[in-house]
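Here is the structure we will look at, set down as structure tokens.
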Amino acid sequence: MDGNESSSQSHRNQSFSLNDHNSHHQTPDAYVLCDDIVHYVMQFMESYFIVQSCMRVSKQWFKIALSIPLSLRLNFQKLQNAAKCANLTNLTSLDLNNFVCEELNGEEILTSGCLALANSPYLQNLTHLNLSINTQLKRDHIKILATSSNMCKLSTLCIFLTYIGDEGMRAITEMKSLTSLKFGNNSISLEGVKHVTTMSKLTELEVLHLDLNVVKTHQCLNVIANSEKMNNLTKLTLYKSGITAEQVRSLTTSHHMKQLTYLELRGNNIRDSGIISIAKSEFMKNLTHLNVSTCMISDTGAISLTLSSFMSQLRILNLSNEEGPSRQSEINTVGNEFIQALSKSECMQNLEELNLLDTKVNDVGAVSLSQSKILKRLKCLHLSEIGPETSHLILTSFPKIKFENLPRTAFDECLLM
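Note that full-length UniProt numbering has the sequence shown beginning at 1, numbered continuously upward.
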């Protein structure tokens, strides 16, 4: 392929202009797929392929393609072209994350992109927007988007690692349809967190690296846990945010948290006392998903889950060390004692997925699991270095189970790297 052809191909791959869809020849009816079949097939296609290929096939395909929700990943420069494309009215998910602009006018490109998105007459159906890992994104960019009518249907916003500050967080509260927000490392203070807790429609809140913000973790959790506007929260993720057992108790003692079904605290040193406070909390009784990977939990803390009737709704439980500790002391030391208690616990009879990768569970514990008469709903199991005979017992006891048996990670070696 010569230079001109390469340039032409590159141009076509980046183009959002589809004005030639009317130029196709008529196809005999005998060879035309019915609308339902075309629509069904397109649902499994990549959005880029639908835009750049399917919309060009025929008038029929073009019309059907406009009814398929699209999801695209662009940079801010391509966004300016996409905002002018009349054939992207069905774009519902836009990923603009991890845009690194080394040009001197990088902030100007961001501003132009945000203005193009905010003012586009075509991009008015967005429900999901990912702006994460854009370190040049500032409060003024967020304000441009937050005040745009194009954001009126936005339900999910990801803004992790964007330096928008407290004023940026306040601007986000103008997005009245938001139900899911992911943030962290945004140069916010306690005031910024308070802005988040005024968003009464939020059902999912994901906070990453909260300890990297200009706010003390315990202050933030107290504000979240004690806000009446957080009554609808069903999913809460607090990843590697320096959370301790004392701060976990601010969540587990709050009646505003009683709707939670999903709680993820991986990478926080909550220890046994933290997991015990979860197990004993009546406000945690609706939990179906609990992830406490790499949280300094031993058999003592893990067993408290098996003894609590409040944990009877659990479907997914992660007590692994797959997250990888930054220090040897941070690992979960869960072992056979927990497995034996779990295998006999009627409180755990709804468990469907169990992750114990890189813990102390060995063949002895795995045998207990295979003999359990209670864990009959188990569909997915993650263990490390279980022998072939024991693996066979597990597969025999749970014929339909997805069983992952991986080599054990030598954390002391990893920590030296």
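All residues carry an ideal CB built from backbone N, CA and C; glycine is no exception.
Nearest candidate by alpha-carbon position, reference residue i, set the options
i: cysteine 380; options: Leu369, Ala118 and Phe403; result: Phe403
i: leucine 314; options: Asn125, Asn355, Asn75 and Ile243; result: Asn355
i: leucine 88; options: Leu74, Asn97, Leu70 and Gln80; result: Leu70
i: asparagine 226; options: His141, Lys143, Ser254 and Val248; result: Ser254
i: threonine 162; options: Ser149, Thr147, Asn130 and Ser155; result: Asn130
i: leucine 393; options: Arg408, Thr409 and Ser372; result: Ser372
i: asparagine 75; options: Phe62, Leu317, Leu117 and Leu406; result: Leu117
Assigned secondary structure, residue i (DSSP; H/G/I helix, E/B strand, else coil)
i: threonine 396; result: helix
i: leucine 79; result: helix
i: asparagine 222; result: helix
i: tyrosine 163; result: coil
i: lysine 229; result: helix
i: threonine 89; result: coil
i: isoleucine 331; result: coil
i: asparagine 268; result: coil
i: isoleucine 316; result: strand
i: tyrosine 262; result: strand
i: residue 420; result: Residue 420 lies beyond the residue range present for the chain, which begins at 1 and ends at 417; the question has no answer from this structure.
i: arginine 249; result: helix
i: arginine 377; result: coil
i: cysteine 347; result: helix
i: cysteine 54; result: helix
i: threonine 237; result: strand
Buried versus exposed call for residue i [16 or more other C-beta atoms within 10 Å across all chains shown]
i: lysine 59; result: exposed
i: methionine 417; result: Here methionine 417 scores only 33 on pLDDT, less than 50, and its place in the model should not be relied on; the value that follows carries that caveat. Exposed, since its Cβ has fewer than 16 Cβ neighbours within 10 Å.
i: serine 47; result: buried
i: phenylalanine 49; result: exposed
i: arginine 377; result: exposed
i: valine 41; result: exposed
i: methionine 257; result: buried
i: methionine 45; result: exposed
i: isoleucine 37; result: exposed
i: leucine 382; result: Contrary to the premise, residue 382 reads as histidine rather than leucine in this sequence. Its Cβ being crowded by 16 or more others within 10 Å, histidine 382 is buried.
i: lysine 143; result: buried
i: serine 281; result: buried
i: glycine 267; result: buried
i: cysteine 152; result: exposed
i: serine 23; result: Because the pLDDT at serine 23 is just 43, under 50, the model does not fix this residue reliably, and the value given afterwards should be weighed accordingly. Serine 23 should be labelled exposed.
Cα-Cα separation between residue i and residue j, rounded to whole angstroms
i: threonine 234; j: glutamine 259; result: 5 Å
i: alanine 65; j: leucine 123; result: 16 Å
i: leucine 290; j: leucine 145; result: 34 Å
i: glutamate 389; j: tyrosine 239; result: 37 Å
i: threonine 92; j: leucine 287; result: 30 Å
i: cysteine 158; j: glycine 274; result: 28 Å
i: lysine 360; j: serine 293; result: 14 Å
i: valine 196; j: leucine 236; result: 13 Å
i: serine 309; j: serine 397; result: 26 Å
i: aspartate 95; j: leucine 307; result: 43 Å
* Give a yes or no on contact between the region 362–382 and the region 287–304, applying the rule of three or more CB pairs nearer than 8 Å. => The region 362–382 makes no contact with the region 287–304: fewer than 3 CB pairs, one atom from each, lie closer than 8 Å.
Taking contact to mean 3 or more Cβ pairs, one atom from each stretch, closer than 8 Å, check whether the region 194–208 and the region 220–240 are in contact.
Between the region 194–208 and the region 220–240, the count of C-beta pairs closer than 8 Å reaches three or more; the two stretches touch.
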